[in-house]
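Peer 1: Have a look at this one.
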Amino acid sequence: MDFPRRRFLHLAAGAAVLPAFARTAAAQAYPSKPLRVVVQVSGGSAPDIIARVIGQWLSERLGQPVVIDNRPGASGNIATEAVIRSPADGYTLLFCMSANSINASLFDNLRFSFMRDAAPVALIGKIPLVLEVHPSVPAKTVPEFIAYAKANPGKINIASSGNATPLHVAAELFKQTAGVDLVHVAYRSEPVARPDLLTGKVQAMFGVVPSSLPHIRSGKMRALAVSTEKRLDVLPDVPPMADFLPGFEASGWYGIAAPKDTPAELAALTNATCASPVTRSLVIAAPPPLFGMWTSWMPAHFAKASVS
């Protein structure tokens with residue numbers, strides 16, 4: 054079974070064989086020390102929770118500790134640049150998010166290019182959002198909320214996890230397509246925004262579904278619509294926003310990236326390790342981890358949306 058491969062290597066030029074042997078040896082020895090996964094948001098958020106479960110899974114399969122390093126700030130650019138500038142040895146990984154594709158169209162002074170300077174390792178999955186409102190808002194459907202917002206322009210606050218985040222872009226997309234004037238209130242992360250949402254200091258938010266579910270099910274928040282094209286099994290009674298605003302779709306995505314020169318063998322090993330029912334069960338719509346073009350991870354409206 055191994056003969057064709059041996060014959061191919063035998064016929065290949067010696068200059069090509071030695072580097073291939075060195076890369077294979079490096080892959081077999083990897084990992085020989087703890088790995089670090091840099092997360093762009095603060096602890097307790099949905100991305101942080103998913104990153105920690107993935108880190109535990111990787112640790113159990115790779116036989117080395119996986120340290121979660123939270124570095125929030127600057128819409129994820131601080132964490133992203135820290136990873137990009139790290140040695141390309143497979144020991145520093147980025148838990149990348151939709152913000153990485155959004156930022157490329159919003160910041161003109163970045164000292165790096167995410168698509169050029171980062172190497173794709175694994176796609177964890179897509180994360181849908183849900184438009185949720187505080188029970189004090191006298192609207193139980195999207196049309197009622199739009200009518201209420203138009204009757205009270207500039208008086209309804211909609212929270213987000215920060216400027217240029219998927220929660221913010223989804224809110225701006227809603228404002229534009231519904232023709233309403235909502236006041237955007239940016240927080241450092243979704244967990245920081247949540248207390249003000251639960252107390253009614255802000256009235257609405259496009260929340261990440263996994264972290265929003267407990268509050269919706271307890272009745273502390275009211276779900277008006279999900280951001281996906283179809284209903285979700287976890288929220289079967291909540292209609293998609295596209296039922297009221299045709300063409301509306303807004304989903305985040307999570308993945309793993311590394312510095313661009315990270316050996317492909319090491320990235321492939323981490324990619325294969327991420328392909329587990331455990332990690333895929335954490336997200337609502339999770340395709341299997343894969344290599345691919347970064348552009349295939351970008352919802353078109355995230356790349357094109359204009360954020361004020």
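If you use the working numbering, the sequence shown corresponds to residues 54 to 361, in order. Here a beta-carbon is modelled for each residue, glycine too, at the ideal position from N, C-alpha and C.
Pairs of beta-carbons, one from the segment 306 to 314 and one from the segment 160 to 174, closer than 8 Å: are there three or more?
Peer 2: Yes, they touch.
Peer 1: Compute the Euclidean distance between the alpha carbons of Pro100 and Leu182, then round it to the nearest angstrom.
Peer 2: Between Pro100 and Leu182, the C-alpha separation is close to 13 Å.
Peer 1: Kindly identify the DSSP beta-bridge partner or partners of Pro287.
Peer 2: Correcting the residue identity first, residue 287 is Val in this sequence and not Pro. In the DSSP output, where bridge partners are listed per residue, Val287 has none listed.
Peer 1: Alpha carbon to alpha carbon, what distance is there between Val262 and Ile121?
Peer 2: One C-alpha to the other measures close to 22 Å.
Peer 1: Give me the Cα-Cα distance between Ala175 and Ala82, rounded to the nearest whole angstrom.
Peer 2: So the two alpha carbons sit approximately 21 Å from each other.
Peer 1: Return the chain-ordered list of same chain residues with a C-beta closer than 6 Å to the C-beta of Asn210, the five sequence neighbours on each side being excluded.
Peer 2: Excluding residues within five positions, the ones whose Cβ falls inside 6 Å are Val236, Val238, Val255 and Gln256.
Peer 1: Got a sec, what are the start and stop residues for the alpha helix (DSSP H) Gly108 sits in?
Peer 2: Here the alpha helix (DSSP H) through Gly108 covers Ala99 to Leu115.
Peer 1: Hey, Ala231 and Leu298: beta-carbon distance below 9 Å or not?
Peer 2: Yes.
Peer 1: Let's test the definition: count the other Cβ atoms within 10 Å of the Cβ of Ser166 and tell me whether it reaches 16, buried, or not, exposed.
Peer 2: Ser166 is exposed by the Cβ-count criterion.
Peer 1: How is Gly272 classed by DSSP in three states: helix, strand or coil?
Peer 2: If DSSP states are grouped into helix, strand and coil, Gly272 belongs with coil.
Peer 1: Alpha helix (DSSP H) containing Arg124: first to last residue?
Peer 2: Neither: Arg124 is in no alpha helix (DSSP H) and is coded neither H nor E.
Peer 1: Please report the distance separating the alpha-carbon of Ile180 from that of Glu134.
Peer 2: Taking the straight line joining both Cα atoms gives about 24 Å.
Peer 1: Rounding to the nearest angstrom, what Cα-Cα distance links Val136 and Ala152 in this structure?
Peer 2: If I take the Cα positions, the gap works out to 15 Å.
Peer 1: Taking only three categories from DSSP, how would you classify Ile131?
Peer 2: DSSP places Ile131 in helix when its eight states are reduced to three.
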